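K.L.:
Going line by line, the protein sequences match chains C and H.
First residue of the first sequence? That's 138 in the numbering used here, and the numbers climb one at a time after it.
First residue of the second sequence? That's -4 in the numbering used here, and the numbers climb one at a time after it.
From the three backbone atoms N, C-alpha and C, an ideal C-beta is built for every residue, glycine too.
Everything numeric in this text was worked out from a predicted model, so none of it was measured.
Have a look at this one before I ask anything.
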Amino acid sequence: MISTVEICRTAGKALKRNKTRSMLTALGIIIGVAAVIAAFAVGAGANKSIDEQIASFGSNFIVVFPDRSAMSTTGIMRYLTYSDAQAIEREVSGIEAVAPMINTSGAVIYGNTNWSTSITGSTPSFSKVREWEIDRGRDISDSDVRQATKVAVIGSTIAEKLFQGEDPLGKSIRIKKVPFTVVGVFSSKGQSATGDDQDDFILVPLTSAQRRLVRYSTPGRIGNIFIKGVSMSALSYIQNETESLLRELHKIKPGEPDDFAVRNISQMLEARRKTTTIMSMLLGSIAFISLVVGGIGIMNIMLVSVTERTREIGIRMAVGAKVRDIRLQFLIEAVVLSMIGGTIGILLGIFAGYMLASFTSAPPIFTLGSILLAFVFSALVGIGFGYYPAWKASLLNPIDALKYE
Amino acid sequence: MALVELRQIKKSFMLGKEEMEILHGIDFTVDKGEFVAMMGPSGSGKSTTMNILGCLDRPTSGTYILDGEDVGSLDGDTLAEIRNRKIGFVFQGFNLLPKTSAIENVELPLLYAGVPGKERHRRARAALEDMGLGNRLHHEPTQLSGGQQQRVAIARGIVNMAPILMTDEPTGNLDSKTSDEIMSLFRKLNEENGITIILVTHEPDVAAYAKRVVHFRDGMILSDELNGKGHRQ
C-alpha cells in the first residue's frame, strides 16, 4: 500500500519531468486569472470614482443655467435672476432648497498674503444644496443676503494659505479689493474625484457679490441656480415644473427655444456611470474570453499529452498501481499546477491592474469576489482538463492503457 | 501444484457491432520453475492469452487460477496487487517511463508495494547491478541503448521478487546479438533464480531458449511440447 505522501512526491516528480507542459498549462491559468482580475479591478475603480463624484456634488440636485445658444435666434441675451430663483422656490413643490449662485474668481488678500481663488455668491441654501458643513464660526444668513453685508465664509484651504495658523474668524480680508469680514470656515471636503481642491473657495452673500464683486448691468442677474429636490424621484417633476415656470417668467412663446437649460447632475453622472459600466463589462468580457482561451490552451496541452500519459498510466497499473493511486497522483498534479498558476496570476493581475489604471487616474479596486471567480474558474479548468483524461484512463484495462496510441 | 492454470478460457472482442471470439476455450497450465514459450502467427491468440495470464486483461468466460487463487472474480485493485506481488512484465516496447532515470523506473513496483524509500533504492540498485547496469543508474531511457533499456525493464520485472516473469516479444526491437544476450539473461533468471518465465514470441530462435513450447493457432492450442524432447506428458 503506497502512502499519500509518496503519491504527492510522485506527482511532483511527474510535474518536474514535464517542465514544458507544466509551464504551458500554468501559463494558461496565469493569463486567464491575471486578465480577469485586472479588468474587474479597473472597472470597479472607474465606477467608484464616478460614485465619489456624485457624492461630492451632493445628491438629488438640478442645475439651471442660461443657454447662450438661444441668443442667436432671439438676438437678446436673457440671464437668470435672483427673482427666478425665488419664484422656483415659491412655486415648484418637491424642493428642499434653491441656491442662486454667482461664480467669479479673483485675488484675496490678508495682510501681505495674496491668494487667487474662486468666489461664490449665494444664499444660506448653498450649504444645504452642496452639502457643506461649518467647521468654525457661522454660515451666511438670510439677513446677510437681505442687507448685502460684507461677510465671507472661507474654505479650509483659504484658512490655511491666507492665515497660516492664525484664527481667521473676525479678520478682515480684501476680495477683489473689497473688504469682507470672515465669519466662518467650512469643514474640509478634500480633493474631488477629478482631483480639484474643493476647499479652495470663498462664499459671500449673493447680494454682496452682485453689488461689490461682479457688478452686472442687468439688475438681479445671477450665474446659475442649484435646486435640491426632496428625493431622487422628485427630480424629473421638478425639472419639468422649473422649465415651464421659467418659460412663463421669461415670456417665451410656444415654439421658441428655451433661453436656459435645466440639467439633472445626478442623471448626467448616472449616464457616465452607465458608460463606465459598459466599458468595464467590455473589459470583463475580453478578460473572460482570455480566461476561456487560457482554458482551451490548458485543454490542448493536456489532450496532446494524453497519449504519453495514458501509456504512463498503463505502465503504472501493470506494475501494481491501483485506480486510487493513479487518480490521486493526477489530481494532485492538476491541483498543484492550478494553485501555482492561480497565485502567479493573482499577483500579475494586481500588477496589471495598477498599470492599466495609471492611464485612467482612477485607482483599481480589487474585490475578493473577482479574485475568487478568476481563481476558481481557472482552477476548475486546470483540474478538469488535467484530471479528466487520467480519470478516464484509470477506468481502462491496464492492457488497453498500455496499448493506447 | 500448477502455478498457473487456465480452464476453458474464452475471450471475445466487439468488432463494430459484431462480437468476435478470439480465444475458443484455452486449457493450459504452467508449473513453478518452467520456462514456457507461446508461439504462433499474429492473431493466433498468444498475446491475448498472455494478457489474461498477466491479469492485465480479463477473460470473457472460463476460470483462471493463479497460485491457488481464483482471480477471475477479483476486482481491478486486487488484480493490481496480485500483479505487483506475483508477476513481473517485460514488454516489446520496453514501456519505461520517459524522462525518468533507470533506477526510478525499477523502483516503480516497489513504490506501489509501499516499500520505504531507502529500501526501495537499495533493492532497485541491486536489481540493476544484477543486470549489469550498475553504472547506468541515473540514465534516462533515451540515453540507453535498446538492450540496456530492455535490461532495465527486466530489472523492474524482477525487483519485487515476483515468482512469475511474463514477456511479450522481448527481442522484437533488438538486433540478433542483443537478442541473444537478453534471452540468455532470461534463461539465467529461470535456471539460477527459479523464476517461472512465460514468453510470447513468433521467432523460433527466441523460443529455442525455452524449455517448453506451446503453439497457438486461431485461438486454440495446436501443440504443447518440451523443447527437443518431444511431446509433453
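Which stretch, first to last residue, makes up the alpha helix (DSSP H) that contains H:Pro36?
P.N.:
From DSSP, H:Pro36 is part of no alpha helix (DSSP H); its letter is neither H nor E.
K.L.:
Smallest Cα separation from H:Thr44: which of H:Glu76, H:Phe181 and H:Val195?
P.N.:
In this structure, H:Val195 is the residue among H:Glu76, H:Phe181 and H:Val195 with its C-alpha nearest to the C-alpha of H:Thr44.
K.L.:
Quick one: which chain H residues come within Cβ less than 7 Å of C:Gly457?
P.N.:
Ala75, Glu76, Arg78, Asn79, Pro104, Tyr107 and Ala108
K.L.:
At what residue ranges does the segment 95 to 139 of chain H contain a whole run of the alpha helix (DSSP H), taking only runs of 4 or more?
P.N.:
Positions of the alpha helix (DSSP H) runs, each at least 4 residues long and wholly inside the segment 95 to 139 of chain H, are given as 97 to 108 and 112 to 125 in order along the chain.
K.L.:
Of all Cβ atoms in chain C, is any one closer than 8 Å to the Cβ of H:Phe84?
P.N.:
yes
K.L.:
Per DSSP, what kind of secondary structure is C:Ser422 in: helix, strand or coil?
P.N.:
helix
K.L.:
Nearest to H:His197 by CA position, among H:Lys41, H:Gly63 and H:Lys206, is which residue?
P.N.:
H:Lys41
K.L.:
Less than 8 Å between the beta carbons of C:Leu383 and C:Phe397, yes or no?
P.N.:
yes
K.L.:
So C:Leu343 and C:Pro237 are supposed to be a Cβ contact under 8 Å. How far apart are they, rounded?
P.N.:
6 Å
K.L.:
If you run the structure through DSSP and keep just helix, strand and coil, what is H:Ile60?
P.N.:
strand
K.L.:
Closest to C:Tyr524 by C-alpha separation, out of C:Phe488, C:Arg446 and C:Pro356, would be which residue?
P.N.:
C:Arg446
K.L.:
Please classify C:Ile426: is it buried, with 16 or more other beta-carbons within 10 angstroms of its beta-carbon, or exposed?
P.N.:
Flag for C:Ile426 reads exposed.
K.L.:
Contact check, H:Val85 vs H:Arg118 under 8 Å by CB: the rounded distance?
P.N.:
At roughly 18 Å, the Cβ-Cβ gap does not stay under 8 Å, so H:Val85 and H:Arg118 are not in contact.
K.L.:
For C:Ala224, I'd like the list of residues in its chain whose CB is within less than 7 Å of its CB, leaving aside the five on either flank, ordered along the chain.
P.N.:
Leu382 and Leu386
K.L.:
At the 8 Å Cβ level, is H:Leu51 part of the contact set with chain C, yes or no?
P.N.:
Chain C, which has a Cβ nearer than 8 Å to the Cβ of H:Leu51, makes this yes.
K.L.:
Note down the Cα distance separating C:Ile303 from C:Pro316, rounded to an integer number of angstroms.
P.N.:
The sequence shown places Glu at residue 303 of chain C, rather than the Ile named in the question. Going from the Cα of C:Glu303 to the Cα of C:Pro316 covers about 18 Å.
K.L.:
Is there a C-beta anywhere in chain C that falls below 8 Å from the one on H:Thr137?
P.N.:
no
K.L.:
Please confirm if the segment 159 to 175 of chain C is in contact with the segment 502 to 518 of chain C, defined as three or more CB-CB distances below 8 Å between the two stretches.
P.N.:
Here the segment 159 to 175 of chain C makes contact with the segment 502 to 518 of chain C; the two share three or more CB pairs at distances below 8 Å.
K.L.:
By the criterion of Cβ-Cβ separation under 9 Å, what are the contact partners of C:Pro535 in chain H?
P.N.:
Asn46, Gly49, Cys50, Leu51, Asp52, Gly71, Leu74, Ala75 and Arg78
K.L.:
By DSSP, does C:Met160 sit in helix, in strand, or in coil?
P.N.:
helix
K.L.:
Classify H:His226: buried if its beta carbon has 16 or more other beta carbons within 10 angstroms, exposed otherwise.
P.N.:
Low per-residue confidence applies at H:His226: pLDDT is 49, beneath 50, and the placement is therefore not dependable, though the value from the model is reported in the following sentence. Classification of H:His226: exposed, given that the 10 Å Cβ count is below 16.
K.L.:
Measuring CA to CA, which of H:Tyr204, H:Thr162 and H:Gln3 is closest to H:Met215?
P.N.:
H:Gln3
K.L.:
Can you tell which of C:Val456, C:Thr157 and C:Asn251 has its C-alpha closest to the C-alpha of C:Glu297?
P.N.:
C:Asn251
K.L.:
Only counting the same chain, and skipping five residues up and downstream in sequence, which positions put a Cβ closer than 7 Å to that of C:Gly182?
P.N.:
Ala494, Ala499, Pro500, Pro501 and Ile502
K.L.:
Quick one: does C:Ser442 have its CB under 8 Å from some CB of chain H?
P.N.:
no
K.L.:
Would you mind telling me which residues of chain C sit closer than 7 Å to H:Leu92, beta carbon to beta carbon, in chain order?
P.N.:
Glu449 and Ile452
K.L.:
Measure from the alpha carbon of H:Pro184 to the alpha carbon of each residue in H:Glu29, H:Asn100, H:Ser68 and H:Glu99, then state which is nearest.
P.N.:
In the sequence under discussion, the amino acid at residue 184 of chain H is Leu, which differs from the Pro named in the question. Per the Cα distances, H:Glu29.
K.L.:
What distance in whole Å lies between the Cβ atoms of C:Val179 and C:Gly431, which are believed to be in contact at a cut-off of 8 Å?
P.N.:
So it is not a contact: roughly 19 Å between Cβ atoms.
K.L.:
Can C:Ser253 and C:Ser293 be called in contact, C-beta distance under 8 Å?
P.N.:
no
K.L.:
Quick one: measure Cβ to Cβ for C:Ala424 and C:Ser345, integer angstroms, because I've assumed they're closer than 8 Å.
P.N.:
Not confirmed; about 55 Å, so no contact.
K.L.:
So, do the segment 525 to 540 of chain C and the segment 463 to 473 of chain C have three or more beta carbon pairs nearer to each other than 8 Å?
P.N.:
yes
K.L.:
Report the neighbours of H:Arg151 on chain C: residues whose CB is nearer than 8 Å to its CB, in chain order.
P.N.:
Val456
K.L.:
Does C:Leu539 come within less than 8 Å of chain H when only Cβ atoms are used?
P.N.:
yes
K.L.:
Do you know offhand how far H:Pro12's Cα is from H:Lys5's?
P.N.:
The sequence shown places Lys at residue 12 of chain H, rather than the Pro named in the question. Taking the straight line joining both Cα atoms gives about 19 Å.
K.L.:
Do you know whose CA, among H:Thr95, H:Asp70, H:Phe8 and H:Leu61, lies nearest C:Thr147's CA?
P.N.:
Sorting H:Thr95, H:Asp70, H:Phe8 and H:Leu61 by C-alpha distance to the C-alpha of C:Thr147 places H:Thr95 at the top.
K.L.:
Considering only their Cβ atoms, is the gap separating C:Ile199 from C:Arg410 smaller than 8 Å?
P.N.:
no
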